[in-house]
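Enquirer:
Number of protein chains: 4
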Amino acid sequence: MDFDNNKPIYIQIYDSIRDRILAGDFAPDERIPSVREYGAMVGVNPNTVMRTYEKLTADGVIYTKRGMGYYVSPNAKEVIMENDRKSFMENELPTIVNRMKLLGIDPSVFNDYFEK
Amino acid sequence: MDFDNNKPIYIQIYDSIRDRILAGDFAPDERIPSVREYGAMVGVNPNTVMRTYEKLTADGVIYTKRGMGYYVSPNAKEVIMENDRKSFMENELPTIVNRMKLLGIDPSVFNDYFEK
Amino acid sequence: MDFDNNKPIYIQIYDSIRDRILAGDFAPDERIPSVREYGAMVGVNPNTVMRTYEKLTADGVIYTKRGMGYYVSPNAKEVIMENDRKSFMENELPTIVNRMKLLGIDPSVFNDYFEK
Amino acid sequence: MDFDNNKPIYIQIYDSIRDRILAGDFAPDERIPSVREYGAMVGVNPNTVMRTYEKLTADGVIYTKRGMGYYVSPNAKEVIMENDRKSFMENELPTIVNRMKLLGIDPSVFNDYFEK
DNA sequence: GTGGTCTAGACCACC
DNA sequence: GTGGTCTAGACCACA
Chain A
1 MDFDNNKPIY
11 IQIYDSIRDR
21 ILAGDFAPDE
31 RIPSVREYGA
41 MVGVNPNTVM
51 RTYEKLTADG
61 VIYTKRGMGY
71 YVSPNAKEVI
81 MENDRKSFME
91 NELPTIVNRM
101 KLLGIDPSVF
111 NDYFEK
Chain B
1 MDFDNNKPIY
11 IQIYDSIRDR
21 ILAGDFAPDE
31 RIPSVREYGA
41 MVGVNPNTVM
51 RTYEKLTADG
61 VIYTKRGMGY
71 YVSPNAKEVI
81 MENDRKSFME
91 NELPTIVNRM
101 KLLGIDPSVF
111 NDYFEK
Chain C
1 MDFDNNKPIY
11 IQIYDSIRDR
21 ILAGDFAPDE
31 RIPSVREYGA
41 MVGVNPNTVM
51 RTYEKLTADG
61 VIYTKRGMGY
71 YVSPNAKEVI
81 MENDRKSFME
91 NELPTIVNRM
101 KLLGIDPSVF
111 NDYFEK
Chain D
1 MDFDNNKPIY
11 IQIYDSIRDR
21 ILAGDFAPDE
31 RIPSVREYGA
41 MVGVNPNTVM
51 RTYEKLTADG
61 VIYTKRGMGY
71 YVSPNAKEVI
81 MENDRKSFME
91 NELPTIVNRM
101 KLLGIDPSVF
111 NDYFEK
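Chains as they are written, first to last, in the working numbering: chain A, 1 to 116; chain B, 1 to 116; chain C, 1 to 116; chain D, 1 to 116.
Encoded structure:
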């Protein structure tokens, strides 16, 4: 796995695991690789993977069983979708609209683009 | 002025000055506040403002007269609009639409939000 | 049985067995399930149950007959009650009261909660 | 500062800072020592202090200004009190009451103890 | 084996 | 100077 230097590695792993869960690569209650395994796979230090797993746990996307590993939450997909939708509506949408107004771009471009 | 901690302050000032130029707060060839003044206004170290002014100068949005200060370029608005519209239509719009499709968000939210 | 991840599982099993003895689920000199059986029941590795049984044996709450299994001590209830009451009154009660005072919580919450 | 080996150091620092805020050692919007300073003071690695600060930030007890340091939230005291009260009522009270019932301890001990 | 904590040391962007 | 990220390596309790 190769990383973009402008973004923390642990965030990039975070994004990629969320994507893989959404894509169905990891099923609910399935065990995901240990921090050591995953670190070896993508070529980063286990500590860095740990940080990703901590964040995903805080989100409620995965959970941990002591001494056994990390598992995908049963409702992981819903949690991810819900978080993203919320963040889009509350944070991104306002700033996008604001910019479009300043740039004089009409909202109809979205309808047009959607149909393609 | 209050800042978002996830973005460099000098970029946030950069954005805000560009917005103010688009909004007409600063007219072409008008002098903008010195780094010291501006820093005091927004509660920030002059060094940080300096960094903003350097970036705006590199963009061609403002220019400097030695010993006199910084001035808005005659064609500042056009420069900003040109760059931003292009980048918006080519880069941002596609990724936004893509995300919205994944999240199942309807393009009509834009029309709705615009009216507010 | 579902476990709280902040506490070792063998301790949680330990607590639960003590509770069951106090509640009369296990009578004095009655045989308790083998580590294998108990592990299967609660979905845990026999090693983990073993650790619990060792601790209970050290406490004098159960005893072992070689080749036959583990049995509840005749005076198990008394041992548990004795230890716990003392430790509760001397150690826990003072710190609980102290915290409640700091947090401004009235002792009446206990009377209220008891009735439920 | 000397630490209890049974508890993570970063949690012990976390507790101690919360206590100091409640005690008024750190005022609202006051800057707290940098991770390096604090680490040197209590004799731990800055990374460990960082972990404490991250947790306090997640709680809303402190906030960070980029490149400048960490500051006590204006409503830090209220946040701490509220969190503690909630955790007491939801987590501790039920388990305490449960144990008292098993041990046959009457809730009146609290009223008695409070008056001392 | 697993997660979890901690250290020492490094490098970066930002202020 | 500050926070923030990352590595390498260590040690521990737990399963």
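Beta carbons are placed, not taken as given, at the ideal position from N, Cα and C, and that holds for glycine. In this text, all values refer to a predicted model and were calculated from it rather than measured experimentally.
Using the C-alpha atoms, what's the distance from T64/D back to A27/D?
Expert: A27/D and T64/D: Cα-Cα distance of roughly 15 Å.
Enquirer: Along the segment 73–107 of chain C, what residues have a CB closer than 9 Å to any CB found in chain D?
Expert: The segment 73–107 of chain C vs chain D, Cβ under 9 Å: I80, M81, D84, R85, F88, M89, E92, L93, P94, I96, V97, R99, M100, K101, L102, L103, G104, I105, D106 and P107.
Enquirer: Give the single residue among P94/D, N111/D and K101/D whose Cα lies nearest to the Cα of N98/C.
Expert: Cα-wise, what sits closest to N98/C is N111/D.
Enquirer: Okay, do the segment 51–61 of chain A and the segment 8–20 of chain A touch, 3+ Cβ pairs below 8 Å being the bar?
Expert: A contact exists between the segment 51–61 of chain A and the segment 8–20 of chain A.
Enquirer: Can Y10/C and R51/C be called in contact, C-beta distance under 8 Å?
Expert: For Y10/C and R51/C, yes; Cβs fall inside 8 Å.
Enquirer: Is V109/D close to chain C, meaning its C-beta is less than 8 Å from at least one C-beta of that chain?
Expert: Chain C, which has a Cβ nearer than 8 Å to the Cβ of V109/D, makes this yes.
Enquirer: Measuring only between beta-carbons, confirm whether L56/B sits less than 8 Å from chain A.
Expert: Chain A contact via Cβ: absent.
Enquirer: Which residue marks the beginning of the beta strand (DSSP E) containing I62/A, and which one marks its end?
Expert: First-last of the beta strand (DSSP E) with I62/A: I62 to K65.
Enquirer: What residue does the beta strand (DSSP E) around V44/D start on, and which one ends it?
Expert: First-last for V44/D: undefined, no H or E at that position.
Enquirer: If we cut at 8 Å on Cβ distances, does R66/A have a partner in chain C?
Expert: Cβ-Cβ to chain C under 8 Å: yes for R66/A.
Enquirer: Below 9 Å on C-beta distance, what does F114/C contact in chain D?
Expert: Within 9 Å Cβ-Cβ: V97, M100, K101, D106 and P107.
Enquirer: Of all the options P33/C, K7/C, D84/C and K55/C, which has the alpha carbon lying nearest to the alpha carbon of G104/D?
Expert: The shortest Cα separation from G104/D among P33/C, K7/C, D84/C and K55/C belongs to D84/C.
Enquirer: Just to confirm, is the Cβ distance from G67/C to S34/C under 8 Å?
Expert: Taking 8 Å as the Cβ cut-off, G67/C and S34/C do not qualify as a contacting pair.
Enquirer: Can you check whether the C-beta of I62/B is within less than 8 Å of a C-beta belonging to chain D?
Expert: Cβ-Cβ to chain D under 8 Å: no for I62/B.
Enquirer: Thinking C-beta only, is L56/B closer than 8 Å to Y113/A?
Expert: Contact: no.
Enquirer: With a threshold of 16 other CB atoms inside 10 Å of the CB of T48/C, please say whether the residue is buried or exposed.
Expert: So T48/C ends up on the buried side.
Enquirer: Against chain D, which members of the segment 11–44 of chain C pass a CB distance test of less than 9 Å?
Expert: Answer set for the segment 11–44 of chain C: R18, D19, L22 and A23.
Enquirer: Using a Cβ-based criterion (distance less than 7 Å to any ligand heavy atom), does G69/B qualify as near the ligand FMN?
Expert: Because no ligand of any kind appears in the structure shown, any question about the ligand FMN cannot be addressed here.
Enquirer: Can you tell me whether DSSP reads I96/D as helix, strand or coil?
Expert: I96/D: helix per DSSP, three-state reduction.
Enquirer: Spell out whether any CB of chain A is found under 8 Å from the CB atom of N5/C.
Expert: Closer than 8 Å: yes.
Enquirer: If distances are taken between C-alpha atoms only, which option among S87/A, G24/A and V109/A comes closest to N120/A?
Expert: Any question about residue 120/A goes unanswered here, given that chain A covers just 1 to 116.
Enquirer: Kindly identify the DSSP beta-bridge partner or partners of Y70/B.
Expert: The partner list for Y70/B (beta bridge, DSSP) reads I32/B and T64/B.
Enquirer: Hey, could you find the ends of the alpha helix (DSSP H) A23/B is sitting in?
Expert: That run of the alpha helix (DSSP H) goes I9 to A23.
Enquirer: Mapping the DSSP letters down to three states, classify F110/D as helix, strand or coil.
Expert: Note: F110/D maps to helix in three-state DSSP.
Enquirer: Buried or exposed for G43/A, please, with buried defined as at least 16 other CB atoms from any protein chain shown within 10 angstroms of its CB.
Expert: With fewer than 16 other Cβ atoms within 10 Å, it is exposed.
Enquirer: Between the Cα of D29/C and the Cα atoms of S73/C, V79/C and S87/C, which residue gives the shortest distance?
Expert: Cα-wise, what sits closest to D29/C is S73/C.
Enquirer: Check this for me: beta carbons of I96/C and I96/D, under 8 Å apart or not?
Expert: A contact, by the Cβ cut-off of 8 Å.
Enquirer: So E78/C is in the alpha helix (DSSP H); what residue range does that whole segment cover?
Expert: Start and end: A76 to S87.
Enquirer: Within 10 angstroms of the Cβ of L102/B, are there 16 or more other Cβ atoms? Answer buried if so, exposed if not.
Expert: With fewer than 16 Cβ atoms within 10 Å of its Cβ, L102/B is classed as exposed.
Enquirer: Going by C-alpha distance, which of P8/B, M89/B, Y71/B and I32/B is nearest M100/A?
Expert: For the residues P8/B, M89/B, Y71/B and I32/B, the minimum Cα distance to M100/A belongs to M89/B.
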